[in-house]
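So the protein lines, in turn, are chains A, B and C.
With our numbering applied, the first sequence closes on residue 121, and no number is skipped along the way.
With our numbering applied, the second sequence closes on residue 279, and no number is skipped along the way.
With our numbering applied, the third sequence closes on residue 121, and no number is skipped along the way.
Note that beta-carbon positions come from the ideal geometry of N, C-alpha and C, so glycine has one too.
Take a look at the structure below.
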Amino acid sequence: MYRSTGFVSFVLRRLTGIALVLYLIAHIWVIGSVNGGPELFNSRLAAVQTPIFKLAEVALLAAVVYHAFDGIRLLIVHYFDVTEYRKSLFYAAFVVSVILTIAGGLPILLFAFQG
Amino acid sequence: MASPVKSKSMATIRVQRFNPDSDAKPYMQEFQVPNLQGTTLLDALHRIKHEQDGSLTFRRSCRHAICGSCAMNVNGRNILVCKAPLQGQLDRKGAVTIKPLPYLPIIKDLVVDRSTFWNEYLRVKPWLVPPATSPEKEFRMSPQEVAALHNAETCIMCGACYSACQVVALNKEYIGPHALLKSFLRVLDPRDSIPGERLAEVGTDEGVFRCHTIFNCIDACPKNLNPTQAIETLRRLAQKRTAFEAARVERQRTIAGSLDAEVTPAAEGGVGDVP
Amino acid sequence: MRVFQFQRISAIALLVFLTIHMTVVHYPPFHIDFSRIIDRMGQPLWKAIDIAFLFFVLLHAISGSYAVLIDLGGVARMKRTLAASAILLAIVGFVYGTLTILAFQPPV
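Here it is in structure tokens:
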């Protein structure tokens with residue numbers, strides 16, 4: 007494959023997008039049980055709150071955040087001529103994603119493994 | 005860019021070979037050429053062909069970056085080999101890797117099949133369709149209108165951008181940055197009388213809306229052109245096609261006017277400067 | 014063109030809805046169970062927000078999946094079938110989701 011930051015951005019965007027679609031299906035499975043009463047809902051929710059799933063939740067956060075900020079980067083590229091800054095923009099989006107994942111992921115993990 | 009290796013007397017050229025008549029698949033072959041300052045990669049390829057292996061096959065013509073024949077993949081990037089200094093492409097061990105343009109079928113050695121490239125080019129009607137009334141002397145265009153076309157006109161159809169594009173790699177249905185740049189050239193040309201038809205042709209999921217702004221085309225272009233920006237502009241215009249067509253009709257009322265008439269370029273859909 | 018426009022419009026809408034969703038549902042306190050959601054999900058305002066959120070999520074997910082699928086050369090020939098299936102899937106998902114949201118009543 008022809009390697010470039012644009013290529014990395016494209017692949018990550020696609021992979022996070024597919025991961026998020028799969029997550030959506032799982033989410034509908036859990037939330038859709040809300041009309042089945044508290045026992046059903048809580049049991050489904052408990053099934054996806056185990057420590058492994060907590061780690062997966064951080065990965066989910068990473069996927070959402072990266073996908074969102076790369077998407078914002080695309081909106082900027084669409085409305086402004088950023089040819090000169092195309093690489094910097096990508097690095098900025100990536101760095102912001104990493105920071106927010108850590109900032110949001112730490113509370114999730116801390117809560118899960120102490121609570 | 006690899007740092008120049010001036011101390012070594014010989015440079016190693018690793019070339020991808022493939023003869024469909026005798027080889028099952030492509031393989032790399034190494035040659036040694038004198039590491040002389042001032043020689044280009046094309047010079048090196050010629051030296052190999054003329055002195056070492058006459059069967060080495062590659063396309064070239066003008067040898068000064070205007071015909072677009074010699075685009076190849078060198079050290080992972082698409083460039084014109086006629087304007088690449090040999091020493092600038094060598095790695096620390098004094099070697100350079102030359103492969104044919106990626107994602108296209110290989111005919112032989114460094115020669116690829118560019119049929120899809122040319123078919124997409126023809127598909128966008130890359131010629132001017134002038135208005136019904138010809139001017140007595142000239143078409144009256146403003147300096148801004150001419151400037152907007154300048155970069156797109158410089159394209160030499162070398163195929164570096166098309167072959168670097170990941171979308172082309174995935175799917176040959178995509179029209180391609182080269183043809184979309186040419187379409188942009190004609191869409192923005194006030195002398196052209198079919199902008200609506202052009203925008204309808206490229207404003208589809210196979211055209212401008214398939215570009216994922218990966219920017220490889222800009223990286224690859226030996227003339228520093230900007231197909232991505234052209235595609236973004238076409239995307240905007242495609243969404244406002246009717247208004248753009250009407251503006252062109254209005255513009256063409258004065259374009260074939262007499263020398264005394266004032267040149268009044270219409271605001272055509274908010275087109276920005278093309279870098 | 015439409016897929017591209019749907020993608021962009023739903024993306025912008027989702028930036029808004031996701032921010033609301035993350036701050037209201039997921040950040041502190043972190044524990045989520047039935048009792049936490051019943052107050053909010055019984056209110057008509059939140060039902061409306063959730064239905065709109067679902068609409069834009071499905072629009073973005075379906076447009077995105079369609080874009081990914083047509084890039085894979087082999088399936089490009091089935092474009093029309095893919096588009097129809099995608100729209101159907103989105104409608105089914107939206108109807109199921111909306112009915113679930115509307116039907117929810119906090120138990121007395």
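Neighbouring residues, chain B, relative to residue i (Cβ below 9 Å)
i	result
His84 of chain A	Thr217, Glu236, Arg239 and Arg240
Leu85 of chain C	Leu174 and Asn175
Leu80 of chain A	His216 and Thr217
Ser142 of chain A	What the structure shows of chain A is the stretch from 7 to 121, and residue 142 of chain A is not part of that stretch, so it cannot be assessed.
Nearest-angstrom Cβ-Cβ length linking residue i and residue j, presumed shorter than 8 Å
i	j	result
Asn1 of chain B	Gly98 of chain B	In the structure as shown, chain B starts at 5 and stops at 279, and residue 1 of chain B therefore has no counterpart that could be examined.
Met14 of chain B	Gln36 of chain B	5 Å
Phe121 of chain B	Tyr166 of chain B	5 Å
Asp193 of chain B	Leu132 of chain B	6 Å
Phe96 of chain A	Ser15 of chain A	5 Å
Arg18 of chain B	Val100 of chain B	7 Å
Lys53 of chain B	Asn77 of chain B	Not a contact, Cβ separation roughly 18 Å.
Met14 of chain C	Gly207 of chain B	6 Å
Arg202 of chain B	Lys129 of chain B	7 Å
Leu105 of chain B	Leu45 of chain B	Actually they are not in contact, since the Cβ atoms of Leu105 of chain B and Leu45 of chain B sit about 14 Å apart, beyond 8 Å.
Cys159 of chain B	Lys87 of chain B	At roughly 16 Å, the Cβ-Cβ gap does not stay under 8 Å, so Cys159 of chain B and Lys87 of chain B are not in contact.
Ala96 of chain C	Leu71 of chain C	About 15 Å; that fails the 8 Å criterion.
Asn175 of chain B	Asp84 of chain C	6 Å
Beta-bridge pairing of residue i - partner residues as DSSP gives them
i	result
Met76 of chain B	B:Ile83
Coil, strand or helix - residue i by DSSP
i	result
Asp196 of chain B	coil
Gln56 of chain C	coil
Glu55 of chain B	helix
Ala260 of chain B	coil
Thr107 of chain A	helix
Leu203 of chain B	helix
Glu254 of chain B	helix
Pro113 of chain A	helix
Lys244 of chain B	coil
Asn175 of chain B	coil
Glu236 of chain B	helix
Ala99 of chain C	helix
Phe19 of chain C	helix
Ala168 of chain B	helix
Glu249 of chain B	helix
Thr32 of chain C	helix
Phe100 of chain A	helix
Arg214 of chain B	helix
Gly180 of chain B	coil
Ile64 of chain C	helix
Ser76 of chain C	helix
Gly274 of chain B	Confidence at Gly274 of chain B is low in this model, with a pLDDT of 42, below 50, so the placement of that residue is unreliable and no value is reported for it.
Asn228 of chain B	coil
Phe219 of chain B	coil
Arg9 of chain A	coil
Thr113 of chain C	helix
Leu82 of chain C	helix
Ile50 of chain C	helix
Thr61 of chain B	coil
Gly106 of chain C	helix
Interface residues of chain A facing residue i [CB-CB closer than 7 Å]
i	result
Ile222 of chain B	Thr89
Thr113 of chain C	Gly38, Val40 and Asn41
Gln93 of chain B	Near Gln93 of chain B there are no residues of chain A at all, since even the closest Cβ is about 17 Å away, more than 7 Å.
Phe117 of chain C	Val40 and Asn41
Chain C contact residues for residue i, given Cβ-Cβ distances below 7 Å
i	result
Gly77 of chain A	Ala24
Arg20 of chain A	Val81
Val128 of chain B	By Cβ distance, chain C contributes nothing, its closest Cβ being about 17 Å from Val128 of chain B, past 7 Å.
Residues that residue i contacts on chain C, provided the C-beta gap is smaller than 9 Å
i	result
Leu30 of chain A	Val70, Leu71, Ala74 and Gly106
Ile24 of chain A	Gly77, Ser78 and Val81
Ala74 of chain A	Ala24, Leu27, Leu28 and Leu31
Gly207 of chain B	Met14
Amino acids of chain C, ordered along the chain, whose beta-carbon sits closer than 8 Å to that of residue i
i	result
Phe213 of chain B	Met14, Val16 and Phe17
Val27 of chain A	Ala74, Gly77 and Ser78
Val171 of chain B	Asp84
Within chain B, partners of residue i - CB distance below 7 Å
i	result
Phe47 of chain A	Residues of chain B passing the Cβ test: none, with the nearest at roughly 39 Å.
Interface partners of residue i on chain A, CB under 8 Å
i	result
Gln233 of chain B	Asp87 and Thr89
Cross-chain neighbours of residue i in chain A, by beta carbon under 9 Å
i	result
Asn79 of chain B	Ordered by position in chain A, no residue passes the 9 Å Cβ test against Asn79 of chain B, which lies about 11 Å from the chain.
Asn230 of chain B	Asp87 and Thr89
Met91 of chain C	Result: empty, since nearest Cβ-Cβ is about 19 Å, beyond 9 Å.
I'd like the ranges of any alpha helix (DSSP H) spanning at least 4 consecutive residues and lying wholly in the segment 9 to 51 of chain B. With a minimum length of 4 residues, the continuous alpha helix (DSSP H) runs that stay inside the segment 9 to 51 of chain B are 45 to 51.
At what residue ranges does the segment 87 to 158 of chain B contain a whole run of the beta strand (DSSP E), taking only runs of 3 or more? 99 to 103 and 110 to 112
List in chain order: all unbroken alpha helix (DSSP H) runs of 4+ residues lying wholly within the segment 16 to 92 of chain A. 44 to 53 and 57 to 85
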